[in-house]
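Chemist: Got a structure for you, questions after.
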Amino acid sequence: MSKRLVALGDSFTEGVGDDDPGRPNGVRGWADRVAEVLATREPDFRYANLAIRGRLLGQVLSEQLEPALAMDPDLVTLYAGGNDLMRPKVDIDALADKYDKAVARLTETGATVVLFTGVDGVEDPLFRRMRGRTAIYNEHVRVIAARHGTRIVDLWAMRQLRDRRLWSADRLHLNALGHAEVAIAVLDVLQVPHELTPAALGPRPVLPVRQQRAENLRWTREHALPWIGRRLRGESSGDTVSPKRPALAPVES
């Protein structure tokens, strides 16, 4: 059983969208949920989360890889590249080469490493445009996982993540229900028994076209335009954010 978990990445791993004012950075997320389960099974368990929202793949690796290795983890989760895929131009092959080298360093330590594919955004107008990029990125991740013997959580295959009820209002980040789904998938890949259960949401409601348009306009005004503005100004949502768990520490129940 793992004793030292270090989670690396961007907003997905930090837990953005799963708001919890009582936690560091005001978010919980799937990684916290996984750590909570692992802590119940190992008295000496310790957990660090170095992920910061808005980080590009290169930033994740340059800022987080060395500190993670210094902690001598026996379990590492790594997801990066989603923010790169949203840029106007991206060299996915170059990203994959950096990713491959980082994963090699992690697996050489003997740690169990968990990687993730990107979500299939086929049912969302914004992410549908990125579907080809994401599919190429995912194939690279699968090859890297096979080459280095890592575990892989296939978010692309999780069709339940197409349901907008699992996403926060910004449509970019999972909400508490979505993060719980990912936590279940991670624990299942690790073959760790748990009592987490998927949300029983029932059939998705069919919204009138007028309501869909109104919601899309509100989303554009409240979330899309501010995001575009930050990009034009060269700003990131993570510019003033620090890792919420920068060092290995016990998990409070």
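Everything in the sequence shown is counted per the UniProt record's numbering, starting at 1 for the first residue and increasing by one.
For each residue, glycine too, the CB sits at the ideal point set by N, CA and C.
This one's a predicted model, so the numbers in the text were calculated from it and none came from an experiment.
How many Å lie between R245 and G29 at the Cα?
Modeler: As a working mapping, residue 245 is identified with position 245 in the sequence shown. As a working mapping, residue 29 is identified with position 29 in the sequence shown. Taking the straight line joining both Cα atoms gives about 13 Å.
Chemist: Am I right that D163 and R204 are in contact with their C-beta atoms under 8 Å? What's the rounded C-beta distance?
Modeler: Position 163 of the sequence shown, counting from 1, holds the residue named residue 163. Position 204 of the sequence shown, counting from 1, holds the residue named residue 204. Confirmed, about 6 Å.
Chemist: Here's a check: name, in chain order, each residue in its chain whose Cβ is nearer than 8 Å to the Cβ of D44, leaving out the five neighbours to either side.
Modeler: In the sequence shown, counting from the first residue as 1, residue 44 sits at position 44. Result list for D44: K3, in chain order.
Chemist: State the CB to CB distance for the pair I150 and V114, rounded to an integer number of angstroms; the pair is presumed to be in contact (CB under 8 Å).
Modeler: Sequence index remark: in the sequence shown, residue 150 carries index 150 (1-based). Sequence index remark: in the sequence shown, residue 114 carries index 114 (1-based). The question names Ile, but residue 150 in the sequence shown is Thr. T150 to V114, Cβ: 7 Å. Contact.
Chemist: Residues bridged to T77 by DSSP?
Modeler: On the sequence shown, position 77 is the one that residue 77 refers to. Note: T77 sits in a beta bridge opposite A7 and V114.
Chemist: What residues in its chain sit with their C-beta under 7 Å from that of R128, if we drop five residues either side in the sequence?
Modeler: On the sequence shown, residue 128 is found 128 positions in, with the first residue counted as 1. G121 and V122, listed in sequence order.
Chemist: In the DSSP output, what is A48 paired with across the bridge?
Modeler: Residue mapping note: residue 48 aligns to position 48 of the sequence shown, counting from 1. Answer by DSSP bridge pairing, in chain order: V6.
Chemist: Please check the pair V153 and V189, which I expect to be a contact at CB under 8 Å, by giving their CB distance rounded to whole angstroms.
Modeler: Walking along the sequence shown from the start, residue 153 turns up at place 153. Walking along the sequence shown from the start, residue 189 turns up at place 189. Right, the Cβ-Cβ distance comes to about 5 Å (below 8 Å), so this counts as a contact.
Chemist: For chain B, check one thing: does any of its Cβ atoms lie closer than 8 Å to the Cβ of H173?
Modeler: In the structure shown, chain B cannot be found, because there is only a single protein chain.
Chemist: With three or more C-beta pairs closer than 8 Å as the rule, is the stretch 130-145 touching the stretch 93-112?
Modeler: Contact holds: three or more Cβ-Cβ distances are below 8 Å.
Chemist: Roughly how many whole angstroms lie between the Cα atoms of S242 and A31?
Modeler: Here the question's residue 242 lines up with position 242 in the sequence shown. Here the question's residue 31 lines up with position 31 in the sequence shown. Approximately 16 Å between the Cα atoms of the pair.
Chemist: Can you list, in chain order, the stretches of the beta strand (DSSP E) that have 3 or more residues and sit fully within the stretch 120-191?
Modeler: Correct list: 151-153.
Chemist: Grab me the residues of L177's own chain with a C-beta within less than 8 Å of its C-beta, minus the 5 sequence neighbours each way, in chain order.
Modeler: Walking along the sequence shown from the start, residue 177 turns up at place 177. Excluding sequence neighbours, L177 sits near R165, L166, A199 and L201.
Chemist: Note down, in chain order, each residue of its chain lying with its Cβ closer than 7 Å to the Cβ of A68, except the 5 sequence neighbours on either side.
Modeler: Counted from its first residue, the sequence shown places residue 68 at position 68. Cβ within range, chain order: V6, L8, L50 and V76.
Chemist: Nearest to D10 by CA position, among D72, G82, E66 and G22, is which residue?
Modeler: Walking along the sequence shown from the start, residue 10 turns up at place 10. Comparing Cα-Cα distances from D10 to each of D72, G82, E66 and G22, the minimum goes to G82.
Chemist: Since Y79 contacts F12 with CB under 8 Å, what's their CB separation in whole angstroms?
Modeler: Locating residue 79 in the sequence shown gives position 79, counting from the first residue. Locating residue 12 in the sequence shown gives position 12, counting from the first residue. At roughly 5 Å, the Cβ-Cβ gap stays under 8 Å, so Y79 and F12 are in contact.
Chemist: Taking just the CA atoms, how far does L85 sit from R33?
Modeler: Within the sequence shown, residue 33 is the residue found at index 33, counting from 1. Within the sequence shown, residue 85 is the residue found at index 85, counting from 1. When rounded, the distance between both Cα atoms is 27 Å.
Chemist: Leaving aside the five residues before and after S168 along the sequence, list all residues of the same chain whose C-beta is less than 6 Å from its C-beta, in chain order.
Modeler: Counting from one through the sequence shown, the residue named residue 168 turns up at place 168. Contacts found: G17 and N175.
Chemist: Of the residues A145, E252, R213 and F116, which one's Cα is nearest the Cα of R105?
Modeler: On the sequence shown, position 105 is the one that residue 105 refers to. Of the candidates A145, E252, R213 and F116, the one whose C-alpha sits nearest the C-alpha of R105 is A145.
Chemist: So, under 8 Å CB-CB, M158 and E181 are touching, yes? Tell me the CB distance rounded to an integer number of Å.
Modeler: As a position in the sequence shown, residue 158 is number 158, starting the count at 1. As a position in the sequence shown, residue 181 is number 181, starting the count at 1. With a Cβ gap of about 7 Å, M158 and E181 count as contacting.
Chemist: With DSSP collapsed to three states, give me the class of V60.
Modeler: What you label residue 60 is simply residue 60 of the sequence shown in a count that begins at 1. Three-state result, V60: helix.
Chemist: Going straight from the alpha carbon of A111 to that of V37, what length do you get?
Modeler: Mapped onto the sequence shown, residue 111 falls at position 111. Mapped onto the sequence shown, residue 37 falls at position 37. Taking the straight line from one Cα to the other gives about 19 Å.
Chemist: With burial defined as no fewer than 16 other Cβ atoms inside 10 Å of the residue's Cβ, what is the status of V60: buried or exposed?
Modeler: Translated into positions along the sequence shown, residue 60 becomes position 60. V60 should be labelled buried.
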